[in-house]
Amino acid sequence: MSIVTETKQALMTAIATIAADENLAAGTPLTDLKLDQTIADQLEIKTLAVEAENPNPNPLKTCPEFLDGAWLLIYSTAREIQVLNSLPLGFQLGRVYQVIDVATKGFYNQAFCKHATNFVEGYVTVNATFSVAPTPADGIPDRKINVDFNQRSIFITKILGLPFFSKKAISTVSARNPVGRIPSLTLTYLDEDFRIGRGGDGSLFILKKVTEIKP
Numbered sequence: 065m066s067i068v069t070e071t072k073q074a075l076m077t078a079i080a081t082i083a084a085d086e087n088l089a090a091g092t093p094l095t096d097l098k099l100d101q102t103i104a105d106q107l108e109i110k111t112l113a114v115e116a117e118n119p120n121p122n123p124l125k126t127c128p129e130f131l132d133g134a135w136l137l138i139y140s141t142a143r144e145i146q147v148l149n150s151l152p153l154g155f156q157l158g159r160v161y162q163v164i165d166v167a168t169k170g171f172y173n174q175a176f177c178k179h180a181t182n183f184v185e186g187y188v189t190v191n192a193t194f195s196v197a198p199t200p201a202d203g204i205p206d207r208k209i210n211v212d213f214n215q216r217s218i219f220i221t222k223i224l225g226l227p228f229f230s231k232k233a234i235s236t237v238s239a240r241n242p243v244g245r246i247p248s249l250t251l252t253y254l255d256e257d258f259r260i261g262r263g264g265d266g267s268l269f270i271l272k273k274v275t276e277i278k279p
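Residue numbering for the sequence shown follows my numbering, beginning at 65 and increasing consecutively.
Following this line, the structure appears as structure tokens:
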């Protein structure tokens, strides 16, 4: 059952309102990169309030199936998302998804982008696997995962508005993991359609469950 609380709704409404004020294209994730610090702080406070109501504090044990499926990123403070939201040469970021398969302990991130002139459209994927991490310093088990990024691929879907002739990646390279640390994510809130996670570097990810993937 989807859980709707005043705090959760307040956070989702705040993100949507700020994204509209920033003139972001529909579905493009909001980041804190260009936000006034006061606004970013308010979002953090609202996020903490939602995390305090987490109905599943040990999700990897009690409800791992909630993770399955496609998730749309709506807000993040992660550097890699900030970079995507500031693409050079006229490229614009679209929707960003994470698609998880709990059975295989795998997922892929998919970021759509296009040129402002609509000359070219496409997306980037990053494939990864994950494992349940040992109980962290906070003492709360079954909510942290370690991540191993495998490969990064670039796909073109359209040129001049016409479908690209190939559905194969035009480039595939190994995805580099951070030097000196294991990438990780702590699930600080999870229900059937809403998720908050915090990376090992302190970055924040807020996502909502979707039934289809579109640019």
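Beta carbons: idealized from backbone N, C-alpha and C, even for Gly.
Through-space distance from residue j to residue i, alpha-carbon basis
i, j, result
"Val196", "Ser217", "26 Å"
"Phe228", "Ile220", "6 Å"
"Glu70", "Ala89", "26 Å"
"Thr252", "Leu224", "42 Å"
"Ser230", "Ala116", "47 Å"
"Met76", "Val190", "26 Å"
"Asp257", "Ile67", "8 Å"
"Asn241", "Asp212", "7 Å"
"Lys208", "Leu226", "43 Å"
"Leu97", "Ala142", "9 Å"
"Pro200", "Gly264", "11 Å"
"Met65", "Ala104", "Legend: pLDDT at Met65 = 47, less than 50; position of this residue unreliable, no value from coordinates given."
"Gln73", "Cys127", "22 Å"
"Asp132", "Thr236", "25 Å"
"Thr102", "Asn118", "25 Å"
"Gly266", "Leu249", "9 Å"
"Ile260", "Ser150", "23 Å"
Residue j beta carbon less than 8 Å from that of residue i
i, j, result
"Pro247", "Glu185", "no"
"Ala180", "Asn214", "no"
"Arg159", "Gly91", "yes"
"Gln162", "Lys178", "no"
"Leu94", "Ile138", "yes"
"Leu148", "Lys272", "no"
"Gln174", "Ile109", "no"
Bridge-paired residues (DSSP) for residue i
i, result
"Asp96", "Partner(s): none; Asp96 has no beta bridge."
"Ala134", "Val163 and Val274"
"Val211", "Phe194"
"Arg259", "Leu254 and Leu271"
"Phe219", "Tyr187"
Anticipated Cβ contact below 8 Å, residue i with residue j, distance rounded
i, j, result
"Asp255", "Phe130", "7 Å"
Item to check | Contained alpha helix (DSSP H) runs [length at least 4] in the segment 105 to 154, N- to C-terminal order | outcome: 123 to 126 and 143 to 148
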